[in-house]
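Peer 1:
2 protein chains.
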Amino acid sequence: MTATPDARPRGTRLPRLARRRQLLGAAQEVFVAQGYHAAAMDEIAERAGVSKPVLYQHFPGKLELYLALLDEHAEALVKIVREALESTTDNKLRVQASMQAFYDFVAGDGEAYRLVFESDLRNVAPVRARVDRANQQCAEMIAQVIAEDTGAAAEEAHLLGMGLVGMAEVSARFWLSQHRAIPKDTAEKIIARLAWRGISGFPRTTDQT
Amino acid sequence: MTATPDARPRGTRLPRLARRRQLLGAAQEVFVAQGYHAAAMDEIAERAGVSKPVLYQHFPGKLELYLALLDEHAEALVKIVREALESTTDNKLRVQASMQAFYDFVAGDGEAYRLVFESDLRNVAPVRARVDRANQQCAEMIAQVIAEDTGAAAEEAHLLGMGLVGMAEVSARFWLSQHRAIPKDTAEKIIARLAWRGISGFPRTTDQT
DNA sequence: CGACGGAGTTACTCGCGCGTAGGATGATGT
DNA sequence: ACATCATCCTACGCGCGAGTAACTCCGTCG
Chain P
1 MTATPDARPR
11 GTRLPRLARR
21 RQLLGAAQEV
31 FVAQGYHAAA
41 MDEIAERAGV
51 SKPVLYQHFP
61 GKLELYLALL
71 DEHAEALVKI
81 VREALESTTD
91 NKLRVQASMQ
101 AFYDFVAGDG
111 EAYRLVFESD
121 LRNVAPVRAR
131 VDRANQQCAE
141 MIAQVIAEDT
151 GAAAEEAHLL
161 GMGLVGMAEV
171 SARFWLSQHR
181 AIPKDTAEKI
191 IARLAWRGIS
201 GFPRTTDQT
Chain F
1 MTATPDARPR
11 GTRLPRLARR
21 RQLLGAAQEV
31 FVAQGYHAAA
41 MDEIAERAGV
51 SKPVLYQHFP
61 GKLELYLALL
71 DEHAEALVKI
81 VREALESTTD
91 NKLRVQASMQ
101 AFYDFVAGDG
111 EAYRLVFESD
121 LRNVAPVRAR
131 VDRANQQCAE
141 MIAQVIAEDT
151 GAAAEEAHLL
161 GMGLVGMAEV
171 SARFWLSQHR
181 AIPKDTAEKI
191 IARLAWRGIS
201 GFPRTTDQT
């Protein structure tokens with residue numbers, strides 16, 4: 001078990017772009033499995049069946065390599081949430097689709113969601129900026145719909161949006177941590193119903209009990 | 001700005017237990033501000049106005065020092081949530097109180113919530129165990145109430161509980177990141193209303209559209 | 001008044017992991 | 001066949017930060 005799990009054949013020569021993609025793939029596996037700090041550049045290189053300097057011919061440093069991956073997946077999250085919201089004008093279905101988007105994201109290939117939701121580098125400014133921005137954009141898109149639907153103030157709608165994002169994020173990660181004890185679509189429906197009951201016909205005024 | 005902000009007077013001698021408390025205080029400041037990895041034992045010692053070996057006379061290593069703090073605040077979170085749930089038998093008020101508990105926790109002294117909600121050491125088993133356990137306990141307590149109230153299945157109630165925990169956590173952190181743009185009790189009420197509308201009179205069956 | 005011991009200090013060792021210098025190797029154009 | 005260039009390798013420098021060894025200082029008790 002101490003031997004390299006599945007290092008690619010060490011001899012293959014690749015054109016620049018293909019190599020880059022492959023390096024990103026290897027880096028993702030390692031960063032996801034170990035987190036940023038525990039991940040060693042040596043290991044990423046080895047995992048790609050290549051030596052370290054090759055890595056540095058494609059990326060200026062460890063941080064930039066990480067940011068490339070983070071960008072990719074943060075944007076992917078925002079994109080599928082946007083698509084979910086644009087997939088219909090029926091708000092109930094919108095909620096359903098949005099929740100499914102989060103569950104899809106978390107269940108997606110190679111547990112890449114960890115980069116966005118469980119990064120161990122949030123204390124570093126550029127990482128924090130990206131993670132926060134992804135969350136904010138999701139919340140903002142949802143807030144827009146809420147504001148239109150309920151006439152709530154922007155601030156309030158934004159807070160509600162972030163609440164729903166948190167609900168989706170955390171419940172989806174929990175669902176996955178239970179190794180899908182509940183079928184995916186069932187979990188999505190349960191959470192979607194919770195969310196929909198929560199916001200549908202939300203009272204228009206802020207200051208009431 | 002490069003000089004030490006407020007190192008305690010370097011000469012004071014303290015009895016063992018007082019020193020320990022003080023070291024925990026200094027460590028908390030540094031861990032909260034920098035995260036685990038960026039925090040240096042030298043800096044914690046300096047912040048406490050003491051040299052490094054003193055730190056090692058009280059804690060066997062950096063990790064154990066961190067775990068001591070994490071335990072403390074994880075337990076504090078579970079405790080205030082439990083107290084919120086036990087404060088009344090009116091479920092609507094329970095929701096209100098629970099949300100307030102999360103907001104109180106996040107707004108609490110020295111931003112210690114970061115240790116529990118934003119730890120950059122979740123990839124390390126003992127840390128992950130503690131963070132997950134705190135979340136699970138909160139969700140479990142809420143799930144219990146939900147199950148009693150709605151008759152939902154245990155699995156479903158647990159998922160709902162985790163959804164509400166996520167809603168509270170993420171929205172509270174967002175609220176704080178906006179530097180309290182909304183008054184605290186207003187934010188609490190908005191989220192509490194969202195949560196209460198979501199679960200109150202939750203349908204008893206799972207498999208309906 | 002001397003020695004005992006708790007409290008603290010300075011000044012190291014040492015391993016780990018990022019990033020790099022300099023050399024080898026194999027395909028391509030002339 | 002030979003030069004050329006991109007691609008890849010081995011082997012190292014080097015800083016940083018956790019943890020430690022060996023010493024000092026001062027109150028207290030017999």
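Note that the protein sequences, when read in sequence, are chains P and F.
Numbering-wise (the UniProt record's numbering), the first sequence opens with residue 1 and increments by one.
Numbering-wise (the UniProt record's numbering), the second sequence opens with residue 1 and increments by one.
Just so it is clear, CB atoms sit at the ideal spot from N, CA and C, and this is done for glycine as well.
#1: Please list the residues of the UniProt domain "HTH tetR-type" (17-77) of chain F that have a C-beta atom closer than 7 Å to any C-beta atom in chain P, keeping them in chain order.
#2: Could you tell me which chain P residues have their CB closer than 7 Å to the CB of residue 187 of chain F, listed as they occur along the chain?
#3: Just reading off the alpha helix (DSSP H) that residue 179 of chain P is part of, what are its end residues?
#4: Who are the neighbours of residue 123 of chain P on chain F, taking C-beta pairs under 7 Å?
#5: Note down, in chain order, every chain P residue with its Cβ under 7 Å from the Cβ of residue 194 of chain F.
#6: How about residue 120 of chain F and residue 36 of chain F: are their beta carbons less than 7 Å apart?
#7: Could you check which residue in P/70, P/137 and P/46 has the C-alpha nearest to that of residue 115 of chain P?
#8: Ends of the alpha helix (DSSP H) at residue 94 of chain F?
#9: Where does residue 118 of chain F sit, in a helix, a strand or coil, going by DSSP?
#10: Can you tell which of P/160, P/171 and P/167 has the C-alpha that lies nearest to the C-alpha of residue 189 of chain F?
#11: Between the C-alpha atoms of residue 183 of chain P and residue 55 of chain F, what's the straight-line distance to the nearest angstrom?
#12: Give the residues from the region 171-185 of chain P that approach chain F closer than 7 Å (Cβ to any Cβ), ordered along the chain.
#13: List the residues of chain P that residue 169 of chain F touches, going by C-beta distances under 8 Å, in chain order.
#14: Using the C-alpha atoms, what's the distance from residue 25 of chain F back to residue 47 of chain F?
#15: Given 8 Å as the limit, is there contact between the region 82-96 of chain P and the region 194-203 of chain P, that is, 3 or more CB pairs closer than that?
#16: Considering Cα atoms alone, identify which of F/109, F/113 and F/194 is closest to residue 150 of chain P.
#17: Taking 6 Å as the limit between beta carbons, can you name the residues of its chain near residue 178 of chain P, skipping five residues before and five after?
#18: Could you compute how far the alpha carbon of residue 7 of chain F sits from the alpha carbon of residue 49 of chain F?
#19: Look at the Cβ atom of residue 168 of chain P, then the Cβ atom of residue 117 of chain P, and state whether they are nearer than 7 Å.
#20: If you reduce the DSSP assignment to three classes, tell me which class residue 128 of chain F lands in.
#21: Locate the alpha helix (DSSP H) running through residue 53 of chain F, then write down its first and last residues.
#22: Determine the closest residue to residue 32 of chain P out of P/62, P/72 and P/112, with distance taken between C-alpha atoms.
#23: What is the C-beta distance between residue 147 of chain P and residue 139 of chain P, in whole angstroms, given that I count them as a contact (C-beta under 8 Å)?
#24: Would a check of beta-carbon distances place residue 155 of chain F closer than 7 Å to chain P?
#25: Which complete alpha helix (DSSP H) runs does the UniProt domain "HTH tetR-type" (17-77) of chain F hold, if anything under 4 residues is left out?
#26: Here's a check: name, in chain order, each residue in its chain whose Cβ is nearer than 7 Å to the Cβ of residue 176 of chain P, leaving out the five neighbours to either side.
#27: Work out the CA separation of residue 41 of chain P and residue 30 of chain P for me, nearest whole Å.
#28: Between residue 134 of chain F and residue 170 of chain F, which are expected to be in contact by the criterion C-beta below 8 Å, what is the C-beta distance as a whole number of angstroms?
#29: Could you work out which residue in F/72, F/100, F/74 and F/38 is closest to residue 84 of chain F when comparing CA atoms only?
#30: Given that a residue counts as buried once 16 or more other Cβ atoms are within 10 Å of its Cβ, and exposed if not, what is residue 122 of chain F?
#31: State yes or no: is the C-beta of residue 17 of chain P within less than 7 Å of the C-beta of residue 58 of chain P?
#32: Once the 5 residues before and after residue 87 of chain P are set aside, which same chain residues still bring their CB inside 7 Å of it?
#33: Please state whether the Cβ-Cβ distance between residue 192 of chain F and residue 95 of chain F is less than 7 Å.
#34: Can you tell me where the alpha helix (DSSP H) holding residue 198 of chain P begins and where it ends?
#35: 7 Å is my cut-off, CB to CB: does residue 146 of chain P come that close to chain F?
Peer 2: The answer reads as follows:
#1: Along the UniProt domain "HTH tetR-type" (17-77) of chain F, the positions whose C-beta sits under 7 Å from a C-beta of chain P are 34, 35, 37 and 38, read in chain order.
#2: Counting from 1 along the second sequence, the entry for residue 187 of chain F is found at position 187. Within chain P, the residues near residue 187 of chain F are 159.
#3: Counted from its first residue, the first sequence places residue 179 of chain P at position 179. Counting along the chain, residue 179 of chain P falls outside any alpha helix (DSSP H), and DSSP gives it neither H nor E.
#4: Walking along the first sequence from the start, residue 123 of chain P turns up at place 123. Against chain F, a Cβ distance below 7 Å from residue 123 of chain P picks out 34, 35, 38 and 120.
#5: On the second sequence, residue 194 of chain F is found 194 positions in, with the first residue counted as 1. Result: 160, 163, 198 and 199.
#6: The count along the second sequence starts at 1 and reaches residue 120 of chain F at position 120. The count along the second sequence starts at 1 and reaches residue 36 of chain F at position 36. Contact: yes.
#7: Translated into positions along the first sequence, residue 115 of chain P becomes position 115. That would be P/70, whose Cα lies nearest to the Cα of residue 115 of chain P.
#8: Residue numbering aside, residue 94 of chain F sits at position 94 when the second sequence is read from its first letter. Taken as a continuous stretch (DSSP letters only), the alpha helix (DSSP H) holding residue 94 of chain F covers 91-107.
#9: Numbered from 1 along the second sequence, position 118 holds the residue referred to as residue 118 of chain F. Three-state DSSP puts residue 118 of chain F in coil, outside helix and strand.
#10: Start at 1 with the first residue of the second sequence, and residue 189 of chain F comes out as number 189. Among P/160, P/171 and P/167, the Cα nearest to that of residue 189 of chain F belongs to P/160.
#11: Sequence index remark: in the first sequence, residue 183 of chain P carries index 183 (1-based). Sequence index remark: in the second sequence, residue 55 of chain F carries index 55 (1-based). Taking the CA atoms as reference points, residue 183 of chain P sits about 49 Å from residue 55 of chain F.
#12: Of all residues in the region 171-185 of chain P, only 171, 174, 175, 181 and 182 place a beta-carbon less than 7 Å from a beta-carbon of chain F.
#13: For the purposes of this step, residue 169 of chain F is taken as residue 169 along the second sequence, with counting starting at 1. Ordered by position in chain P, the residues that pass the 8 Å Cβ test against residue 169 of chain F are 166 and 170.
#14: Locating residue 47 of chain F in the second sequence gives position 47, counting from the first residue. Locating residue 25 of chain F in the second sequence gives position 25, counting from the first residue. The straight-line gap from Cα to Cα measures roughly 9 Å.
#15: Note that the region 82-96 of chain P touches the region 194-203 of chain P; at least 3 beta-carbon pairs, one per stretch, sit closer than 8 Å.
#16: Here residue 150 of chain P refers to the residue found at position 150 when the first sequence is read from its first residue. That would be F/194, whose Cα lies nearest to the Cα of residue 150 of chain P.
#17: Position 178 of the first sequence, counted from the start, is the residue given in the question as residue 178 of chain P. No residues qualify anywhere along the chain.
#18: Stepping through the second sequence from its first residue, residue 7 of chain F is reached at position 7. Stepping through the second sequence from its first residue, residue 49 of chain F is reached at position 49. Per-residue confidence for residue 7 of chain F stands at a pLDDT of 41, beneath the threshold of 50, marking its modelled position as unreliable; the derived number appears in the next sentence. Distance between the alpha carbons of residue 7 of chain F and residue 49 of chain F: 5 Å.
#19: The count along the first sequence starts at 1 and reaches residue 168 of chain P at position 168. The count along the first sequence starts at 1 and reaches residue 117 of chain P at position 117. Not a contact, by the Cβ cut-off of 7 Å.
#20: Numbered from its first residue, the second sequence carries residue 128 of chain F at position 128. Helix at residue 128 of chain F.
#21: For this step, residue 53 of chain F is matched to residue 53 along the second sequence. Where residue 53 of chain F is concerned, the enclosing alpha helix (DSSP H) stretches over 52-58.
#22: What you label residue 32 of chain P is simply residue 32 of the first sequence in a count that begins at 1. Of P/62, P/72 and P/112, the residue nearest in Cα terms is P/112.
#23: As a first step, residue 147 of chain P must be located in the first sequence, where it is residue number 147. As a first step, residue 139 of chain P must be located in the first sequence, where it is residue number 139. Separation of the CB atoms of residue 147 of chain P and residue 139 of chain P is rounded to 12 Å, and the pair is thereby denied contact status at 8 Å.
#24: Numbered from 1 along the second sequence, position 155 holds the residue referred to as residue 155 of chain F. At least one chain P Cβ lies under 7 Å of residue 155 of chain F.
#25: As far as the UniProt domain "HTH tetR-type" (17-77) of chain F is concerned, its whole alpha helix (DSSP H) runs of at least 4 residues are 41-47 and 52-58.
#26: Indexing the first sequence from 1 puts residue 176 of chain P at position 176. Within the same chain, residue 176 of chain P has close Cβ partners 106 and 107.
#27: If you number the first sequence from 1, residue 30 of chain P lands on position 30. If you number the first sequence from 1, residue 41 of chain P lands on position 41. When rounded, the distance between both Cα atoms is 9 Å.
#28: Mapped onto the second sequence, residue 134 of chain F falls at position 134. Mapped onto the second sequence, residue 170 of chain F falls at position 170. Actually they are not in contact, since the Cβ atoms of residue 134 of chain F and residue 170 of chain F sit about 15 Å apart, beyond 8 Å.
#29: Here the question's residue 84 of chain F lines up with position 84 in the second sequence. In this structure, F/100 is the residue among F/72, F/100, F/74 and F/38 with its C-alpha nearest to the C-alpha of residue 84 of chain F.
#30: Locating residue 122 of chain F in the second sequence gives position 122, counting from the first residue. A residue is called buried once 16 or more other Cβ atoms fall within 10 Å of its Cβ, and residue 122 of chain F is buried on that count.
#31: The residue labelled residue 17 of chain P in the question sits at position 17 within the first sequence. The residue labelled residue 58 of chain P in the question sits at position 58 within the first sequence. Against a cut-off of 7 Å, the Cβ pair of residue 58 of chain P and residue 17 of chain P comes out as no contact.
#32: Position 87 of the first sequence, counted from the start, is the residue given in the question as residue 87 of chain P. Cβ neighbours of residue 87 of chain P beyond the five flanking positions: 97.
#33: As a position in the second sequence, residue 192 of chain F is number 192, starting the count at 1. As a position in the second sequence, residue 95 of chain F is number 95, starting the count at 1. Closer than 7 Å, so yes.
#34: Locating residue 198 of chain P in the first sequence gives position 198, counting from the first residue. 184-199 is the extent of the alpha helix (DSSP H) around residue 198 of chain P.
#35: Stepping through the first sequence from its first residue, residue 146 of chain P is reached at position 146. Chain F, which has no Cβ nearer than 7 Å to the Cβ of residue 146 of chain P, makes this no.
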